[in-house]
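Numbering (full-length UniProt numbering), first residue to last: 1 to 238. In this text, a Cβ means the ideal position worked out from N, Cα and C, and glycines have one as well. Predicted, not measured: the structure shown is a model, and the values here were computed from it. Notes for the one structure printed next.
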């Protein structure tokens, strides 16, 4: 609801979903730890509220993982999947039909911009725009907080010719970047898909039945030693 937030604000984020009904996992990369929240998506949208603190300045990443299960009344198409040597696209069945009802997941990352105002002071100079050589210019200094309240302090004022300033290299007027480190996102979204046994290619590209594949698996087992009750020897093949 805003482009920039201040500490003490509450950010209201509208989650717009391509699915009418789903669930969203919201991951907030807070300065101390990750925070996880579930949001229900109804009629294609959901609302997430985030309280803003000063420790989040100057920005914080917010990740949304949208999950939707299989649609009711839809079944898995026969032969769906990537089969070797068929040229079939993933997610399509025999005849090129697309499984539109299969479970789906989409992800998004949004950066929340936060302005740190706790240790800021606003200084304004009120003076005339022109002055003749040899004259005197009256300058009024106004020091206040970002919320407009007056602030006590000491100000050092230098007058430098513009030609002298042109000799130096330019830098940003905002000094906060020198005091607050730029935050980066550490959360990664990885999708892992399990292949069904009956769709796993084996020798010579022939699809074997699940029992045939299981017969080729040799899992190690542990055998108790007679001389050391309760102890186990190193795993060995059956």
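With distances taken from CA atoms, which of the options is nearest residue i?
{"i": "residue 37", "options": "31, 23, 103", "result": "23"}
{"i": "residue 99", "options": "69, 11, 139, 7", "result": "69"}
{"i": "residue 101", "options": "116, 72, 107", "result": "72"}
{"i": "residue 15", "options": "123, 50, 116", "result": "50"}
{"i": "residue 7", "options": "57, 32, 39", "result": "57"}
{"i": "residue 25", "options": "157, 109, 75, 178", "result": "109"}
{"i": "residue 137", "options": "159, 106, 10", "result": "159"}
{"i": "residue 153", "options": "163, 142, 161", "result": "142"}
{"i": "residue 185", "options": "34, 9, 2", "result": "34"}
Would you grab the beta carbon distance between residue i and residue j for me? Rounded to a whole angstrom, and I think it's under 8 angstroms.
{"i": "residue 43", "j": "residue 118", "result": "Contact doesn't hold; Cβ gap of about 39 angstroms is too wide."}
{"i": "residue 131", "j": "residue 4", "result": "Rounded, the Cβ-Cβ distance is 37 angstroms, inconsistent with contact."}
{"i": "residue 17", "j": "residue 66", "result": "6 angstroms"}
{"i": "residue 41", "j": "residue 63", "result": "Contact doesn't hold; Cβ gap of about 16 angstroms is too wide."}
{"i": "residue 29", "j": "residue 52", "result": "With a Cβ gap of about 14 angstroms, residue 29 and residue 52 do not count as contacting."}
{"i": "residue 12", "j": "residue 47", "result": "7 angstroms"}
{"i": "residue 122", "j": "residue 144", "result": "5 angstroms"}
{"i": "residue 180", "j": "residue 116", "result": "7 angstroms"}
Quickly, what does DSSP pair residue i with across the bridge? List them, please.
{"i": "residue 140", "result": "126"}
{"i": "residue 23", "result": "40, 67"}
{"i": "residue 150", "result": "144"}
{"i": "residue 135", "result": "Note: residue 135 sits in no beta bridge, so no partner."}
{"i": "residue 46", "result": "15"}
{"i": "residue 114", "result": "5, 58"}
{"i": "residue 35", "result": "28"}
In three-state terms, what does DSSP make of residue i?
{"i": "residue 108", "result": "strand"}
{"i": "residue 59", "result": "strand"}
{"i": "residue 54", "result": "helix"}
{"i": "residue 1", "result": "coil"}
{"i": "residue 10", "result": "strand"}
{"i": "residue 28", "result": "strand"}
{"i": "residue 186", "result": "coil"}
{"i": "residue 247", "result": "For residue 247 there is no data in the structure shown, the boundaries of the chain being 1 and 238."}
{"i": "residue 178", "result": "helix"}
{"i": "residue 169", "result": "coil"}
Would you verify that the beta carbon of residue i is, or is not, closer than 9 angstroms to some beta carbon of chain B?
{"i": "residue 21", "result": "No chain B is part of this structure, which consists of one protein chain only."}
Inter-stretch contact (C-beta, 8 angstroms, three-pair minimum) for the segment 134-153 and the segment 163-172: no
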